[in-house]
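Engineer: Quick note: to get our numbering, add 399 to the position in the sequence shown (first position is 1). By construction, the Cβ of each residue, glycine as well, lies at the ideal position given by its N, Cα and C atoms. Predicted model, so just to flag it, every value in this text is computed and none were measured. Can you keep this structure in mind? I'll have questions shortly.
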Amino acid sequence: MKFSELGIPKNLNKGLKEMGIIVPTKIQEQAIPVLINSKVDFIGKAQTGTGKTAAFGLPLLTSIDPSKKEVQALILAPTRELGQQIAKQLFKFTKYTDKIYTESVYGGERIEIQISRLKRPTHIIVATPGRLIDLMNRKAVDISKIKTIVLDEADEMLSMGFKNDLTTILGQTKGYRNVWLFSATMPSTLNDIINTYVDKNAVRVSVDKHDAVNKGIEHHFVVGEEVNKLDTLTYFLKSQKKQRGIIFTKTKAAARKLSKQLIAKNYETGLLEGDMTQKDRDKVMRAFKKGTMELLVSTDVAARGIDVANLAFVVHYQLPDQIEYYTHRSGRTARAGKKGLSLALIVKQEIKLLRDLEKNLGIRFIQIR
Numbered sequence: 400m401k402f403s404e405l406g407i408p409k410n411l412n413k414g415l416k417e418m419g420i421i422v423p424t425k426i427q428e429q430a431i432p433v434l435i436n437s438k439v440d441f442i443g444k445a446q447t448g449t450g451k452t453a454a455f456g457l458p459l460l461t462s463i464d465p466s467k468k469e470v471q472a473l474i475l476a477p478t479r480e481l482g483q484q485i486a487k488q489l490f491k492f493t494k495y496t497d498k499i500y501t502e503s504v505y506g507g508e509r510i511e512i513q514i515s516r517l518k519r520p521t522h523i524i525v526a527t528p529g530r531l532i533d534l535m536n537r538k539a540v541d542i543s544k545i546k547t548i549v550l551d552e553a554d555e556m557l558s559m560g561f562k563n564d565l566t567t568i569l570g571q572t573k574g575y576r577n578v579w580l581f582s583a584t585m586p587s588t589l590n591d592i593i594n595t596y597v598d599k600n601a602v603r604v605s606v607d608k609h610d611a612v613n614k615g616i617e618h619h620f621v622v623g624e625e626v627n628k629l630d631t632l633t634y635f636l637k638s639q640k641k642q643r644g645i646i647f648t649k650t651k652a653a654a655r656k657l658s659k660q661l662i663a664k665n666y667e668t669g670l671l672e673g674d675m676t677q678k679d680r681d682k683v684m685r686a687f688k689k690g691t692m693e694l695l696v697s698t699d700v701a702a703r704g705i706d707v708a709n710l711a712f713v714v715h716y717q718l719p720d721q722i723e724y725y726t727h728r729s730g731r732t733a734r735a736g737k738k739g740l741s742l743a744l745i746v747k748q749e750i751k752l753l754r755d756l757e758k759n760l761g762i763r764f765i766q767i768r
């Protein structure tokens, strides 16, 4: 299957090829033809790392009329990083098309700067919900002409407390736009929003968990005592010879402690956790993307929206509580057709958890001794 067969026009396809995006993923195969060819509401269930940005971004770009200097589409995302990442992808996709202007707005940057940017012609706004509400209250954004609202990582927006903001935005635009909702999970709170603001005849697509796991990832595990985990990790890192990767913990406290321990062992390590200021977070991500920092220690929520090319490995220093989080984490490596390694450091009592992951995700873990 090629993108042209899904209905993607030549000028967009040229940009995709240049980015090395040749073969559509499962969610792209199922979403793109529907979204390009019909004006419908859409609900897509798929994990992070399955190519959702192109699944909604490419049909969205084909629907924009560049000659109309008005906001025609709105994309809502839970974090600043994910918003910036989406805007960047859309910009790259449109290298060979007529100029389509996308603006990214989020908290953590002075609102006056964003207001002045929005005075320029803007076709698509990518926003975190709270900042969009602020801009709407200041009459700096006009969303009365939008044809499409995309909710990306909708479950995460709800878990971050954006439900009221989402209902306000969806309520103000009801009646003349389509909603395209993408989410890794479908909690009951999300069903409330779907039942109220999404058409009951919406097209629903769910990418099976077995298909969601990237086949380019090798899944390994080491069983040991909790007290030996740090030694096991450093032994593994030596074998990686300065390659870059992310190490995941379940809690902020564990992330802070581990990053200090690795820095003490002379590893160039950055920390990402929920209580950090946006300024510190940006600083860490800049260093990591440039390659001056080889390791990132992160919690699950703090890692949302990160997309860094050429990550060699992901380490689960602590196994996640939810199956979806394992897919989110491991999906950070082996992007764009490359290979990657996902290593879980576990204690004996967690072997059953690992077997559950194998069964639910259709993967196989190889034990490293």
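Per DSSP, which one or two residues make a beta bridge with I646?
Structural biologist: V696 and V714
Engineer: Using a threshold of 8 Å, state whether the C-beta atoms of I646 and L629 are closer than that.
Structural biologist: no
Engineer: Quick check on H619: does DSSP put it in helix, strand or coil?
Structural biologist: strand
Engineer: Measuring only the C-alpha atoms, how far is Y495 from N410?
Structural biologist: Roughly 5 Å between the two C-alpha positions.
Engineer: Determine, using beta carbons only, whether Q717 and A653 come nearer to each other than 8 Å.
Structural biologist: Cβ distance < 8 Å, so Q717 and A653 count as in contact.
Engineer: Alpha carbon to alpha carbon, what distance is there between E723 and I765?
Structural biologist: 20 Å
Engineer: Extract the residue ranges of the beta strand (DSSP E) inside the region 474–536, only unbroken runs of 3 or more that lie entirely within it.
Structural biologist: 501–504 and 523–526
Engineer: By a C-beta neighbour count over all protein chains shown, 10 Å radius and 16 as the cutoff for buried, is E624 buried or exposed?
Structural biologist: exposed
Engineer: Can you look up V746 in the DSSP assignment and give me helix, strand or coil?
Structural biologist: coil
Engineer: Go ahead and label S503 buried or exposed: buried means 16 or more other beta carbons lie within 10 angstroms of its beta carbon, across all protein chains shown.
Structural biologist: Its Cβ being crowded by 16 or more others within 10 Å, S503 is buried.
Engineer: Looking at the secondary structure, which residues open and close the beta strand (DSSP E) in which Q547 lies?
Structural biologist: In the sequence on display, residue 547 carries Thr and not Gln. Looking at the DSSP string, the run of the beta strand (DSSP E) that includes T547 is T547 to L550.
Engineer: Give the C-beta separation of I407 and L473 to the nearest angstrom, bearing in mind that I take them to be a contact with Cβ-Cβ under 8 Å.
Structural biologist: The Cβ separation is near 22 Å, so there is no contact.
Engineer: For M684, tell me which candidate among G644, L550, T493 and K468 has the shortest Cα-Cα distance.
Structural biologist: G644
Engineer: For the structure I just gave you, are there three or more beta carbon pairs, one from the region 523–537 and one from the region 463–481, closer than 8 Å?
Structural biologist: yes
Engineer: For a minimum of 4 consecutive residues, which ranges assigned as the alpha helix (DSSP H) are wholly contained in the region 623–679?
Structural biologist: 628–638 and 651–663
Engineer: Look at T584 and D564 and say whether their C-beta atoms are less than 8 Å apart.
Structural biologist: no
Engineer: Considering only the beta carbon of each residue, do E617 and L710 sit closer than 8 Å?
Structural biologist: Against a cut-off of 8 Å, the Cβ pair of L710 and E617 comes out as no contact.
Engineer: Between S729, L517 and K641, which has its C-alpha nearest Q446's C-alpha?
Structural biologist: Considering only alpha carbons, the answer is S729.
Engineer: Taking Cβ positions, are L580 and L557 nearer each other than 8 Å?
Structural biologist: no
Engineer: Report buried or exposed for Q748, applying the criterion of at least 16 other Cβ atoms within 10 angstroms of its Cβ.
Structural biologist: exposed
Engineer: In chain order, which alpha helix (DSSP H) runs of at least 4 residues are fully inside the region 572–599?
Structural biologist: 587–596
Engineer: Relative to the alpha-carbon of V700, which residue among A708, Y725 and K689 has its alpha-carbon at the smallest distance?
Structural biologist: Between V700 and the set A708, Y725 and K689, the nearest pair of CA atoms involves Y725.
Engineer: Per DSSP, what kind of secondary structure is R685 in: helix, strand or coil?
Structural biologist: Helix, per DSSP.
Engineer: Note the first and the last residue of the continuous beta strand (DSSP E) segment covering S605.
Structural biologist: Residues V602 to S605.
Engineer: Within 7 Å: the Cβ of Y725 and any heavy atom of the ligand MG?
Structural biologist: With respect to small molecules bound, the structure shown includes none, and the ligand MG cannot be examined in it.
Engineer: What is the DSSP secondary structure of G739, reduced to helix, strand or coil?
Structural biologist: strand
Engineer: Since G443 sits in a beta bridge, which residues does DSSP pair it with?
Structural biologist: F581 and V604
Engineer: Reducing DSSP to helix, strand and coil, say where Q429 ends up.
Structural biologist: Of the three classes helix, strand and coil, the one that applies to Q429 here is helix, per DSSP.
Engineer: If you draw a straight line from the alpha carbon of A601 to that of I421, how long is it in whole angstroms?
Structural biologist: 28 Å
Engineer: Expressed to the nearest angstrom, what Euclidean distance is found between the alpha-carbon atoms of I426 and T493?
Structural biologist: 21 Å
Engineer: Return the first residue and the last residue of the alpha helix (DSSP H) that I722 is part of.
Structural biologist: For I722, the enclosing alpha helix (DSSP H) stretches over residues I722 to S729.
Engineer: Express the C-alpha separation of L534 and I510 in angstroms, rounding to a whole number.
Structural biologist: 8 Å
Engineer: Can you look up A472 in the DSSP assignment and give me helix, strand or coil?
Structural biologist: strand
Engineer: F764 lies in the beta strand (DSSP E); which residues open and close that run?
Structural biologist: Taken as a continuous stretch (DSSP letters only), the beta strand (DSSP E) holding F764 covers F764 to Q766.
Engineer: Note down, in chain order, each residue of its chain lying with its Cβ closer than 8 Å to the Cβ of I439, except the 5 sequence neighbours on either side.
Structural biologist: This sequence places Val at residue 439; Ile is not what is there. Only V433, N577, D598, N600, A601 and V602 meet the Cβ criterion.
Engineer: Following the continuous alpha helix (DSSP H) through P458, name the residue where it begins and the one where it ends.
Structural biologist: K451 to S462
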